[in-house]
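Asks:
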Amino acid sequence: MPRKQRNKEEQQEGRVSGPRPFWSGTITFGLVSLPVGLYPANRSKPVSLRMIDRDGTPLARRYFCEKEERPLRSDELVRGYEIEKGDYIVIEDEELDALAPEKSQEIDLKRFVDLDDIDPMYFERAYFLTPDKGITKAYRLLAKSMEDSQRAGIATFVMRGKEYLVAILAEKGILRAETMRFHEEVRKPESVGLPELQNADSQQVEGIEKAIASLATDTLERSALEDWHSRKIMDRVNEKLDKGEGIIDVDAEEEAEAEQGGEVIDLMQVLKQSLEQGQPPTETPASRHRSPASDKSRKAAPSAGKERGSHGKSRQGHDDLARLSRHELYERAQALDIPGRSNMSKAQLIRAIEQAA
Numbered sequence: 070m071p072r073k074q075r076n077k078e079e080q081q082e083g084r085v086s087g088p089r090p091f092w093s094g095t096i097t098f099g100l101v102s103l104p105v106g107l108y109p110a111n112r113s114k115p116v117s118l119r120m121i122d123r124d125g126t127p128l129a130r131r132y133f134c135e136k137e138e139r140p141l142r143s144d145e146l147v148r149g150y151e152i153e154k155g156d157y158i159v160i161e162d163e164e165l166d167a168l169a170p171e172k173s174q175e176i177d178l179k180r181f182v183d184l185d186d187i188d189p190m191y192f193e194r195a196y197f198l199t200p201d202k203g204i205t206k207a208y209r210l211l212a213k214s215m216e217d218s219q220r221a222g223i224a225t226f227v228m229r230g231k232e233y234l235v236a237i238l239a240e241k242g243i244l245r246a247e248t249m250r251f252h253e254e255v256r257k258p259e260s261v262g263l264p265e266l267q268n269a270d271s272q273q274v275e276g277i278e279k280a281i282a283s284l285a286t287d288t289l290e291r292s293a294l295e296d297w298h299s300r301k302i303m304d305r306v307n308e309k310l311d312k313g314e315g316i317i318d319v320d321a322e323e324e325a326e327a328e329q330g331g332e333v334i335d336l337m338q339v340l341k342q343s344l345e346q347g348q349p350p351t352e353t354p355a356s357r358h359r360s361p362a363s364d365k366s367r368k369a370a371p372s373a374g375k376e377r378g379s380h381g382k383s384r385q386g387h388d389d390l391a392r393l394s395r396h397e398l399y400e401r402a403q404a405l406d407i408p409g410r411s412n413m414s415k416a417q418l419i420r421a422i423e424q425a426a
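Below, the structure is given as structure tokens:
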């Protein structure tokens, strides 16, 4: 296994600290008050495939204005509620802040209901509630009382600026919080066109019952809950890593540029604007952001090439191209109208530009 993959797995295995709580606060009801921490009971998917281009550069999602044909900055974005097709009511950030629920560190249990009264369809995401030091006994007593009575506590609480409806359940001495969907978020069976129940034929019912009985098991085996598709993907990844296939090394500088979400530049539009404004058409936004040192080295390149002759000039030109990012190389290839440039790697772009020049 290549070192990058091994190092990543060793780092993951070497972690001894558990996840941090999403939220810390207090469960309250009556005169009872229990400080608790809220931990996610679910993990993210074991396999996450990221979108990259064929040169290995990670891609960033941007908001794009179709009318102006350009990407938008974060300060140009506002939120709107669509009242009719194409008509919106703008809601400013200040208005949302004013409407936000008051910050609170309490899960105030207003009522306890029978577990059977809660439809599992309302459950959205599960969290473990852990007791603070010194209140373990009170925590266990509450969990045991709720489990023995088969009741769940219902409350609302605020987490990260959003109000949640939550059910507190107890199982095997552990309290679990299930954030719940609101009533209007749950569809009714008739809303999706499910047919009404018809009188079933007794022989058909008997045949179905026999089929169920033949496949019945006393327990749900853990293997039935394994994510085999993700495992197959990882097996394929490790197989390619061992063979050295499909590995792309991305320069840290280029990866940082992709993470920041650099502007998408239409070179022909830049050239058109430059000509209209009387600027040299070779000056692009990318070239304007280069450091003075890099500009000086590019200006010095022709004289250095003349001193070394044609071979030195070729070598210097190649080195200059190699210093450019793939995005800058793509701009040059676009200006030279090099076919197939969008599918070329950085090395292929350099060769194509040298041949075209």
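Numbering (the numbering used here), first residue to last: 70 to 426. Cβ coordinates follow ideal geometry from the N, Cα and C atoms, glycine included.
Check this for me: beta carbons of Leu178 and Ala221, under 7 Å apart or not?
Replies: Locating residue 178 in the sequence shown gives position 109, where the first residue counts as 1. Locating residue 221 in the sequence shown gives position 152, where the first residue counts as 1. For Leu178 and Ala221, no; Cβs fall outside 7 Å.
Asks: According to DSSP, is Tyr208 helix, strand or coil?
Replies: In the sequence shown, counting from the first residue as 1, residue 208 sits at position 139. DSSP places Tyr208 in helix when its eight states are reduced to three.
Asks: With 16 as the cutoff for other CB atoms within 10 Å, does Pro200 come out buried or exposed?
Replies: Along the sequence shown, read from residue 1 onward, the residue named residue 200 stands at position 131. Its Cβ being crowded by 16 or more others within 10 Å, Pro200 is buried.
Asks: Can you grab the Cα-Cα spacing for the pair Glu193 / Ala402, in whole Å?
Replies: On the sequence shown, residue 193 is found 124 positions in, with the first residue counted as 1. On the sequence shown, residue 402 is found 333 positions in, with the first residue counted as 1. So the two alpha carbons sit approximately 50 Å from each other.
Asks: Across the segment 166-182 and the segment 91-110, are there enough close Cβ pairs to call them in contact, namely three or more that are closer than 8 Å?
Replies: As far as the Cβ criterion goes, the segment 166-182 touches the segment 91-110, which means the pair count is three or higher.
Asks: Measuring only the C-alpha atoms, how far is Tyr132 from Leu146?
Replies: Here residue 132 corresponds to residue number 63 of the sequence shown, with the count starting at 1. Here residue 146 corresponds to residue number 77 of the sequence shown, with the count starting at 1. Cα-Cα distance, rounded: 9 Å.
Asks: Span of the beta strand (DSSP E) holding Gly106?
Replies: Position 37 of the sequence shown, counting from 1, holds the residue named residue 106. Its beta strand (DSSP E) spans residues 101-109.
Asks: Which partner residues does Ser93 have in the DSSP bridge list?
Replies: Here residue 93 is taken as the residue at index 24 of the sequence shown, counted from 1. DSSP lists Gly106 as partners of Ser93.
Asks: Give the range of the beta strand (DSSP E) segment to which Leu198 is assigned.
Replies: Within the sequence shown, the letter at position 129 stands for residue 198. Note, Leu198: beta strand (DSSP E), 192-200.
Asks: Following the continuous beta strand (DSSP E) through Asp156, name the residue where it begins and the one where it ends.
Replies: In the sequence shown, the residue the question calls residue 156 occupies position 87. Its beta strand (DSSP E) spans residues 156-160.
Asks: By alpha-carbon positions, which one of Pro264, Arg250, Gln174 ends up nearest to Leu234?
Replies: Within the sequence shown, the letter at position 165 stands for residue 234. Checked all of Pro264, Arg250, Gln174; the closest Cα to Leu234 is Arg250.
Asks: My output table needs one value for Leu393: the three-state DSSP class, helix, strand or coil.
Replies: The residue you call residue 393 lines up with position 324 of the sequence shown. Correct three-state label for Leu393: coil.
Asks: For Gln424, collect the residues of the same chain with a Cβ closer than 8 Å to its Cβ; drop the 5 residues on either side in sequence, then sort them by chain order.
Replies: Here residue 424 corresponds to residue number 355 of the sequence shown, with the count starting at 1. Nothing meets the Cβ criterion.
Asks: What is the residue span of the beta strand (DSSP E) that Lys231 lies within?
Replies: Start at 1 with the first residue of the sequence shown, and residue 231 comes out as number 162. Where Lys231 is concerned, the enclosing beta strand (DSSP E) stretches over 231-240.
Asks: Can you tell me whether DSSP reads Gly315 as helix, strand or coil?
Replies: Numbered from its first residue, the sequence shown carries residue 315 at position 246. Three-state DSSP puts Gly315 in coil, outside helix and strand.
Asks: Taking a contact to mean a Cβ-Cβ separation below 7 Å, would you say Ile237 touches Leu103 in this structure?
Replies: Residue numbering aside, residue 237 sits at position 168 when the sequence shown is read from its first letter. Residue numbering aside, residue 103 sits at position 34 when the sequence shown is read from its first letter. In this structure, Leu103 does not lie closer than 7 Å to Ile237 by Cβ.
Asks: Rank Arg142, Pro109, Glu253 by C-alpha distance to the C-alpha of Met190 and give the top, closest one.
Replies: To locate residue 190, count along the sequence shown from 1; it is residue 121. That would be Glu253, whose Cα lies nearest to the Cα of Met190.
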